[in-house]
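Residues 22 to 149 (the working numbering) are what the sequence shown spells out, left to right. A virtual CB, placed ideally from N, CA and C, is assigned to each residue, including glycine. In what follows, a single structure is set out as structure tokens and then discussed.
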Amino acid sequence: MGLLNSVLGNILGGASSKGIDYAAIMQWVEQQGGLQAILDKFRHGQFGDVVGSWLSNGKNQQISGDHVQQVLGSDAINQLAEKLGVDPAQACSTIAKFLPTVANAASPNGEVQQDGNILGDMVSKLFK
């Protein structure tokens, strides 16, 4: 596992996240239009309150793999599953765990930093 995966693994749950290729997930997020675009899809998909919890300083509300599938659609999920070498259900489950933490880390002031480095922000949070 490379440095990126080690850092993101620590941020996103440590040992329970072993084997997940976070670099591939971040690349996939960018291919979907970036984190803000994905969050917008969730907002428009009836999950505005959930996204709001990820961007606030409070507790993150969780989503299910089914919610991820519903909002992002089969094509996007199949692309991610192929990148990760897993089945689509596992890809959905991975994103359901990944997205709240990444959104929270990328939004220290309640909004996703458009010009910021998401990975850099996450790394700095790890070492605070």
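Express the C-alpha separation of lysine 118 and serine 77 in angstroms, rounding to a whole number. Using only the alpha carbons, I get a separation of about 17 Å.
Quick one: Cα of asparagine 99 to Cα of proline 109, how far? Approximately 6 Å, taken between the alpha carbons.
From what residue to what residue does the alpha helix (DSSP H) around asparagine 78 run? Unbroken run through asparagine 78: none, as it is neither H nor E.
So, at 8 Å on beta carbons, what are the nonlocal neighbours of leucine 105 in its own chain, with the 5 sequence-adjacent residues on each side left out? Taken in chain order, the residues that qualify are Ile41, Asp42, Ala45, Ile46, Gln111, Ala112 and Thr115.
Given a cut-off of 8 Å on the beta-carbon distance, is the pair glutamine 91 and glycine 66 in contact? Cβ distance < 8 Å, so glutamine 91 and glycine 66 count as in contact.
Straight-line CA distance for glycine 69 to phenylalanine 63? Going by the C-alpha atoms only, they are around 7 Å apart.
Let me check understanding here. Comparing Cα to Cα, which of Pro129, Gln48, Pro121 and Asn130 lies closest to serine 85? Nearest of Pro129, Gln48, Pro121 and Asn130 to serine 85, Cα basis: Pro121.
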